[in-house]
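Here the protein sequences line up with chains A and B, keeping their order.
So the first sequence is numbered by this note's numbering: it starts at 1 and just counts up by one.
So the second sequence is numbered by this note's numbering: it starts at 717 and just counts up by one.
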Amino acid sequence: MAALWPVPLLISQSLWACLALTLPDGYPEPHNGPPTAGFNYSHVDPSVDLPRALRVFSLDYHHVQAPFEIVLWIMLASLAKLGFHWSGRVPAIVPESCVLIMVGLLVGGVIYGVRHSAPPTLSADAFFLFLLPPIVLDAGYFLPGRLFFENLGTILWYAVLGTLWNVLGIGLSLYGVCLLAPSSLGDISLLHCLLFGSLIAAVDPVAVLSVFQEMHVNEQLHILVFGESLLNDAVTVVLYKLFESFLRLPSVTGLDVLVGGCRVVVVGLGGLFVGLFFGLVAALTSRFTFRAQVIAPLFVFLYSYLSYLTSEMLHFSGIVAIVTCAVTMKQYVEANVSERSNTSIQYFLKMWSSVSETLIFIFLGVSTIQDIHMWSWPFVCSTLLLCLVWRATGVLLLTAVVNKLRRNAVTFRDQFIIAYGGLRGAICFSLVFLIDDFPKKRLFITTTIVVILFTVFVQGMTIKPLVELLDVKRKKRALPTVSEEIHSRLLDHLLSGIEDVVGYWGQHYWKDRFEQFNKKYLRRFLIGEHHQTHSSILRVYQEVERREQQGVEETPPVVDAHSSSRPLLPEEMDSIRRILSRNLQNFNNKQMPAYSRHTLHQDLTTDKTRKPLHRHQSLTERCTYHTITYCPQRADGEFSKSCRGRARLSRSHTVCSASPRWSERPDSLVPAALNHTQPSYPGPAEEEQDSPQRRTQIERATKKQLSFILENEKPL
Amino acid sequence: MGSSSSSLNNVPDGQQLMQETGFSAAHLLRLYERFKFLDKDNRGHLRSEDFEAVPELSENPIGDRIVGAFFLPGQETVDFSSFVRVLAHFRPTEKNRTRAGAQPEPANSRNRKLKFAFRLYDRDRDGKISRTELLQVLREMLGMQVTEEQLQSIADRAIQEADLDKDDAISFDEFRKSLEKVNIDHKMSIRFLE
């Protein structure tokens with residue numbers, strides 16, 4: 001169990017933050033400083049603007065109130081998160097979202113107790129405009145592209161049809177319940193029930209992400225749940241707005257329903273096109289940023305946010321837009337901007353989305369402390385029950401159909417996890433506040449809060465043990481070796497050739513066509529010329545220079561016991577992989593569903609070399625891969641042996657030095673590996689001598705960095 | 717259409733091939749039609765020129781190896797049964813299939829698939845992938861944009877990883893071991909041949 005001593009410290013700091021937040025309204029005017037220089041102010045009205053003597057100290061809180069409070073909230077959120085990771089065994093049992101909500105509840109309670117009025121709630125505008133976009137952008141940017149598009153059909157199936165099923169099912173059943181209890185619930189109309197159903201049925205990406213990331217399920221399952229939670233926004237938003245407008249209409253005709261149906265399509269496609277447009281523009285802009293590299297990351301964020309705002313303005317689905325924008329621009333931007341900019345982009349994305357998410361959960365907790373709750377046992381309990389039941393039946397039915405068309409069937413265990421992992425979160429919460437006022441609105445709010453809390457706490461906490469119980473296939477983690485890469489490539493080519501012989505046109509015809517189009521036109525247009533070809537020597541040289549400038553701490557790396565001689569740096573692995581993938585000749589490839597060769601190379605650079613930095617997952621899980629090896633400081637002689645004539649690489653640089661920072665994410669060494677195409681081998685002799693000593697040194701060095709590790713997070 | 721068995725009569729050795737390879741009658745028929753399509757001059761067998769007429773295959777980096785794999789050693793032509801037997805390797809593996817010990821291993825078993833892939837490397841059929849053979853394949857796959865040194869490094873690395881008995885070549889067992897994490901059934905199966 002980790003030391004618990006930081007926890008009280010953090011708690012005290014949090015309490016200080018709470019108190020500061022509770023004080024402003026009641027804080028007296030800061031004009032009570034002792035009079036100085038002999039002037040007597042005891043009879044002067046402080047509000048009169050008279051010249052005063054100089055004071056040594058003065059306090060003017062109102063001047064800075066708004067930003068001060070915002071900063072305090074963010075500080076509170078971050079300290080809570082910090083405390084969570086320091087708190088020993090808690091992370092293993094309770095997901096972070098739960099802890100944050102509890103902190104929010106605590107803070108809300110404190111504020112309520114001090115001020116005797118409701119604490120600030122999460123305004124829907126703040127949520128939708130400021131807090132949600134970073135999370136979705138982060139999700140979209142690190143979306144595993146290949147997996148996503150392969151499973152896109154299934155994801156859309158679940159997202160659209162599943163959400164429709166849930167909405168209608170929950171809405172209609174709730175109406176039935178209301179009919180059964182006319183005394184207390186009689187004034188809730190069908191449309192109200194449908195409206196409520198539309199907002200409560202939506203699975204929330206924020207909550208789902210936060211729980212699933214800690215769970216390490218296999219990739220396919222992860223992408224199914226995650227993709228569904230992202231895409232069902234389109235359906236949810238449309239249905240919500242539809243029912244809301246129906247409520248305002250005097251009567252609803254069949255034509256309105258039809259129009260509503262069309263709107264679903266329009267909203268989704270509209271968001272898609274807005275996202276595509278902005279993504280391409282962003283890619284094009286990034287092409288010209290090499291002269292002002294410092295602001296390159298800014299464009300990524302600006303364009304993404306702009307796409308979100310534009311589609312919200314047009315009443316399209318903002319989430320679909322921002323995800324599309326991120327997915328579209330990613331490959332071009334990454335090719336165009338410098339490595340440091342790439343790092344900046346990724347870190348900022350992670351940071352903002354992390355802060356956003358934390359704030360959302362804390363505010364969820366705070367907003368629960370309200371004056372305006374209305375309780376109704378039948379309504380609340382039946383809502384909870386119906387949510388579970390309808391989701392389960394929906395998943396079962398849909399999967400039964402979709403399994404016939406898929407290669408990798410969604411197993412029963414996966415289905416259970418999909419159904420059980422349908423967490424509701426802040427989107428429902430914000431949407432319920434936006435409902436036009438009607439007598440039972442408070443009931444809806446209370447019910448929504450209860451459902452959210454239930455799903456996040458109960459389902460969030462029990463899903464991990466249940467997963468272990470059901471033994472869901474875990475993600476395989478080890479990186480492929482070079483042999484595997486080569487042989488896999490060969491097999492891809494082989495299969496492609498055999499398919500050509502047999503005359504099989506697979507379902508990836510369009511994917512391949514797109515890839516050809518991409519290579520021929522888009523990449524040429526959107527990626528700057530000097531980034532398109534590899535000049536390996538130059539790149540290696542630049543890389544070395546860059547490292548020197550970064551002042552990388554030269555720590556001796558760990559030698560893998562697995563391969564005693566000539567272990568490879570992660571960058572080298574990356575570069576080999578990229579050589580294998582990028583230099584493959586183009587030809588029309590019709591591949592097996594899961595392994596299209598054209599997208600594989602992108603995935604190698606995205607999935608494997610740039611494993612998403614899971615926000616909750618410690619950055620150092622990668623560190624414990626035993627396939628990752630580091631090479632020690634290389635003798636200059638060895639280096640020059642393996643790259644004869646490349647004398648430009650100056651002697652003191654070792655290309656494969658590994659800083660503790662980099663060592664945390666060896667397989668996501670994007671900046672380092674991006675342009676590094678030169679595999680180089682160290683000499684065997686020195687390593688073996690120094691390896692034990694260096695191993696302990698690197699362990700100590702990495703342990704220093706492992707402050708965010710959850711101790712009990714084991715590599716799987 | 718008549719019953720499948722009557723059309724199957726047109727296919728030489730149809731029944732026997734079905735039993736041997738596990739293809740269904742419909743698939744066999746389809747493959748026969750494809751065979752006839754490739755056999756432009758209607759000779760009843762395929763030559764390497766017929767294979768090379770497939771446009772995408774000629775662009776495939778290892779296209780000539782794949783074509784070569786259809787031809788038995790010493791043969792210049794491929795008749796339909798050889799054609800089907802080679803393609804039988806690419807049927808998806810059936811799970812839960814029990815077979816009597818005496819039956820030969822089905823063509824689409826994981827082992828047989830791997831052997832087929834192994835033979836792509838090992839053209840001289842000596843049972844080992846030597847460094848030169850590996851280099852040749854790498855050169856074909858990686859084309860002109862990689863330097864000779866990089867190729868050598870990659871080949872070195874690959875052999876070093878896989879070579880357990882340190883004979884500087886990859887035997888079939890080592891090959892199989894290095895691919896144990898890869899889902900061969902997935903990578904080497906054409907779904908529509910199920």
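Where is the CB? At the ideal position from N, CA and C, for every residue including glycine.
The DSSP-derived three-state label of Lys464 of chain A is helix. Contact between the region 273 to 293 of chain A and the region 305 to 318 of chain A is present: 3 or more CB-CB pairs across the two stretches fall below 8 Å.
Positions of the alpha helix (DSSP H) runs, each at least 4 residues long and wholly inside the region 141 to 168 of chain A, are given as 145 to 150, 152 to 156 in order along the chain. For chain B, none of the residues of the region 126 to 154 of chain A brings a beta carbon within less than 8 Å of one of its beta carbons. Using a Cβ-Cβ cut-off of 8 Å, His487 of chain A counts as an interface residue toward chain B, since at least one Cβ of chain B sits closer than that to its own. For Val862 of chain B, the secondary structure class from DSSP, reduced to helix, strand or coil, is coil. It is roughly 54 Å from the alpha-carbon of Gly169 of chain A to the alpha-carbon of Phe891 of chain B.
In the DSSP assignment, Val794 of chain B forms a beta bridge with B:Leu762.
At a Cβ-Cβ threshold of 8 Å, Leu762 of chain B and Val794 of chain B count as neighbours. Lys520 of chain A sits in a helix when the DSSP states are folded into three classes. In the DSSP assignment, Lys844 of chain B forms a beta bridge with B:Ser887. When the five nearest sequence neighbours on each side are left out, the beta carbons in the same chain lying within less than 8 Å of the beta carbon of Asn151 of chain A are those of Gln220, Ile223, Leu224, Gly227, in order along the chain.
Of the candidates A:Ala419, A:Ile449, A:Val300, A:Ile527, A:Ala419 places its Cα closest to the Cα of Val203 of chain A. Look at Lys903 of chain B: its C-beta is under 8 Å from a C-beta on chain A.
Val323 of chain A has its alpha-carbon roughly 39 Å from the corresponding atom of Arg826 of chain B.
Within the region 880 to 895 of chain B, the residues whose Cβ lies closer than 7 Å to any Cβ of chain A are, in chain order, Ser894, Leu895. Following the DSSP letters along the chain, one finds Pro182 of chain A inside the alpha helix (DSSP H) bounded by residues 182 to 185. Rounded to the nearest whole angstrom, the CA to CA distance from Ala400 of chain A to Thr411 of chain A is 10 Å. Just so you know, the alpha carbons of Leu72 of chain A and Leu359 of chain A end up roughly 11 Å apart. Remark: C-beta atoms of Ser353 of chain A and Pro134 of chain A approach each other more closely than 8 Å.
At least one beta carbon of chain B lies nearer than 8 Å to the beta carbon of Thr481 of chain A. Residue contact check for Ile527 of chain A against chain B: no CB pair falls below 8 Å.
In the three-state scheme derived from DSSP, where H, G and I count as helix and E and B as strand, Arg424 of chain A is classed as coil. The criterion of a C-beta distance shorter than 8 Å is satisfied by Phe786 of chain B and Phe799 of chain B.
In this structure, Phe299 of chain A lies near Ala282 of chain A, with their beta-carbon atoms less than 8 Å apart. Taking a contact as a CB-CB distance under 8 Å, the pair Ile778 of chain B and Val853 of chain B counts as one, their CB atoms being some 7 Å apart.
Residues of chain A with a Cβ closer than 8 Å to the Cβ of Leu773 of chain B are, in chain order, Gly497, Asp500, Val501. Below 8 Å, too few C-beta pairs join the region 147 to 166 of chain A and the region 174 to 187 of chain A to call them touching: fewer than three. By alpha-carbon distance to Ala207 of chain A, the top candidate from A:Met461, A:Leu470, A:Thr236, A:Thr328 is A:Met461. Contiguous alpha helix (DSSP H) elements confined to the region 89 to 140 of chain A occur at 90 to 93, 96 to 115, taking only those with 4 or more residues.
The C-beta of Glu484 of chain A comes closer than 8 Å to at least one C-beta of chain B. Residues of chain B with a Cβ closer than 7 Å to the Cβ of Leu491 of chain A are, in chain order, Ala833, Lys903, Met904. Here Glu749 of chain B is exposed, its C-beta having fewer than 16 other C-beta atoms within 10 Å. In this structure Ser78 of chain A touches Val355 of chain A by the C-beta definition: roughly 7 Å separates them, less than 8 Å. In the structure shown, Arg855 of chain B falls within a helical segment according to DSSP collapsed to helix, strand and coil.
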